[in-house]
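Start counting the sequence shown at 28; every next residue gets the next number (my numbering).
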Amino acid sequence: MSDSAVLHIKGRVLAGPDDVRDGLWVVGGRVSYERPAGARDVTTIEGWALPGLVDAHCHVGLGAHGAVDKATSEKQALTDREAGTLLIRDAGSPADTRWVDDREDLPRIIRAGRHIARTRRYIRNFAHEIEPEDLVAYVAQEAKRGDGWVKLVGDWIDRETGDLAACWPRGAVEAAIAEAHRLGARVTAHCFAEESLAPLVEAGIDCIEHATGLTEETIPLFAERGVAIVPTLVNIATFPQLAAGGDEKYPRWADHMRRLHERRYDTVRAAYDAGVPVYVGTDAGGSLAHGLVAQEVGELVKAGIPALEALSATAWGAREWLGRPGLTEGAPADLVVYEADPREDVRVLGTPRRVILRGRVVS
Numbered sequence: 028m029s030d031s032a033v034l035h036i037k038g039r040v041l042a043g044p045d046d047v048r049d050g051l052w053v054v055g056g057r058v059s060y061e062r063p064a065g066a067r068d069v070t071t072i073e074g075w076a077l078p079g080l081v082d083a084h085c086h087v088g089l090g091a092h093g094a095v096d097k098a099t100s101e102k103q104a105l106t107d108r109e110a111g112t113l114l115i116r117d118a119g120s121p122a123d124t125r126w127v128d129d130r131e132d133l134p135r136i137i138r139a140g141r142h143i144a145r146t147r148r149y150i151r152n153f154a155h156e157i158e159p160e161d162l163v164a165y166v167a168q169e170a171k172r173g174d175g176w177v178k179l180v181g182d183w184i185d186r187e188t189g190d191l192a193a194c195w196p197r198g199a200v201e202a203a204i205a206e207a208h209r210l211g212a213r214v215t216a217h218c219f220a221e222e223s224l225a226p227l228v229e230a231g232i233d234c235i236e237h238a239t240g241l242t243e244e245t246i247p248l249f250a251e252r253g254v255a256i257v258p259t260l261v262n263i264a265t266f267p268q269l270a271a272g273g274d275e276k277y278p279r280w281a282d283h284m285r286r287l288h289e290r291r292y293d294t295v296r297a298a299y300d301a302g303v304p305v306y307v308g309t310d311a312g313g314s315l316a317h318g319l320v321a322q323e324v325g326e327l328v329k330a331g332i333p334a335l336e337a338l339s340a341t342a343w344g345a346r347e348w349l350g351r352p353g354l355t356e357g358a359p360a361d362l363v364v365y366e367a368d369p370r371e372d373v374r375v376l377g378t379p380r381r382v383i384l385r386g387r388v389v390s
């Protein structure tokens, strides 16, 4: 399609949860709700349109053993794009993916720099592995490298106790989060366990990834402080398999992981019911496949979140949270078109009819 071509989305446009419009036009790569005067080279696409989906926990450039090459990173990004994911919050990657920004055919990425973990307390080759006295300096470094986010590893298995345990003393995370905020970055943290949550929230953290350790004691704290969670339920589904692999060496940890898995839906539903902001993330990369955004939305619905709210968690609400536009007048035309109304059945998200990125039909 040439730069002068015009797209006409003929059908229903879900510009917001309560804002349904009769079609839109794409002119010069941007959204318009007025027919352009004298439009001739017009391509019409029929269906139900949503803003490009958001995967708020994804890892482009990361494989099971650390950073991957450019060709593999490209394949990961294309897989996400084909699934309708056009905006990614990359929640930690050791690879430099800035080259993606120059590609008009790849999703937009908001980076959190590289994970910051305690020494020997995370997956090998994924993170900067440091001690608490260096946390502030590394947070400042990744805040400057990222796109407004920093990613900590808040807890991981402690080999001495054989179970999940918090990685950082309270004073270290308080100073580190304060430094990130001073530099204009938000902070998120990987957390599976219960004990790591309250100190991070009280230290001013902005988001928690996975959040399987939420309890009736900590959920009100999250709601009061407005701390978001990205549950990554498609990843939590792997806990039984992980636990089976650790039964012999770390039985306490394995049992803990199984319990967290068993109550995962109740945990997410309780957080949502309390008013905790919930967003869609798949944890793609590492050992998990890309392109699972539709499955994650389905998991949120299975947990008891209303379909419209689950859609918002990957569309309108997620984009607002990340400071990126949706289908507003003059916004970049990043949208996905479906054959049916995804509000009626979120499984529709699994089969996009057309994917439009920067005003061009890419799928």
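Even glycine gets a Cβ: it sits at the ideal position worked out from N, Cα and C.
Everything numeric in this text was worked out from a predicted model, so none of it was measured.
Option nearest residue i by Cα separation, candidates the options
{"i": "residue 372", "options": "389, 363 and 335", "result": "335"}
{"i": "residue 263", "options": "250, 35 and 236", "result": "236"}
{"i": "residue 358", "options": "106, 60, 48 and 95", "result": "60"}
{"i": "residue 66", "options": "48, 35, 240 and 50", "result": "35"}
{"i": "residue 251", "options": "296, 219, 301 and 80", "result": "301"}
{"i": "residue 324", "options": "259, 313, 178 and 277", "result": "259"}
{"i": "residue 187", "options": "101, 131, 126 and 276", "result": "276"}
{"i": "residue 72", "options": "385, 374 and 380", "result": "380"}
{"i": "residue 128", "options": "101, 234, 121 and 141", "result": "101"}
Sequence-distant residues of its chain with Cβ nearer than 7 Å to residue i (five each side left out)
{"i": "residue 225", "result": "245 and 248"}
{"i": "residue 356", "result": "58, 59 and 60"}
{"i": "residue 106", "result": "317 and 318"}
N- and C-terminal bounds of the beta strand (DSSP E) containing residue i
{"i": "residue 71", "result": "69-78"}
{"i": "residue 410", "result": "No answer is possible for residue 410: it lies beyond the span of the chain, which begins at 28 and ends at 390."}
{"i": "residue 113", "result": "112-117"}
{"i": "residue 349", "result": "No beta strand (DSSP E) contains residue 349, which DSSP labels as neither H nor E."}
{"i": "residue 236", "result": "234-237"}
Under 9 Å between C-beta atoms of residue i and residue j
{"i": "residue 343", "j": "residue 78", "result": "yes"}
{"i": "residue 82", "j": "residue 307", "result": "yes"}
{"i": "residue 171", "j": "residue 215", "result": "no"}
{"i": "residue 241", "j": "residue 266", "result": "no"}
{"i": "residue 193", "j": "residue 220", "result": "yes"}
{"i": "residue 103", "j": "residue 88", "result": "yes"}
{"i": "residue 321", "j": "residue 111", "result": "yes"}
{"i": "residue 43", "j": "residue 353", "result": "yes"}
{"i": "residue 328", "j": "residue 255", "result": "no"}
{"i": "residue 330", "j": "residue 375", "result": "no"}
With 16 other Cβ atoms within 10 Å as the buried cut-off, status of residue i
{"i": "residue 96", "result": "exposed"}
{"i": "residue 146", "result": "exposed"}
{"i": "residue 118", "result": "buried"}
{"i": "residue 169", "result": "buried"}
{"i": "residue 30", "result": "With a pLDDT of 49 at residue 30, under the threshold of 50, the modelled position of that residue is not reliable, and no figure is offered here."}
{"i": "residue 47", "result": "exposed"}
{"i": "residue 69", "result": "exposed"}
{"i": "residue 206", "result": "buried"}
{"i": "residue 369", "result": "buried"}
Alpha helix (DSSP H) segment containing residue i, residue limits
{"i": "residue 122", "result": "Counting along the chain, residue 122 falls outside any alpha helix (DSSP H), and DSSP gives it neither H nor E."}
{"i": "residue 293", "result": "291-300"}
{"i": "residue 208", "result": "197-209"}
{"i": "residue 107", "result": "97-109"}
Residues near residue i in its chain [Cβ-Cβ closer than 6 Å; skip 5 each side]
{"i": "residue 299", "result": "305 and 332"}
{"i": "residue 361", "result": "79, 113 and 384"}
{"i": "residue 165", "result": "143, 155 and 157"}
{"i": "residue 149", "result": "180 and 183"}
{"i": "residue 314", "result": "91"}
Residues near residue i in its chain [Cβ-Cβ closer than 8 Å; skip 5 each side]
{"i": "residue 52", "result": "33, 34, 35, 36, 58, 59, 60, 61, 62, 63 and 66"}
{"i": "residue 389", "result": "108, 132, 382 and 383"}
{"i": "residue 123", "result": "88"}
CB contact check: residue i to chain C, cutoff 9 Å
{"i": "residue 256", "result": "Reference to chain C is not applicable here, since this structure consists of a single protein chain."}
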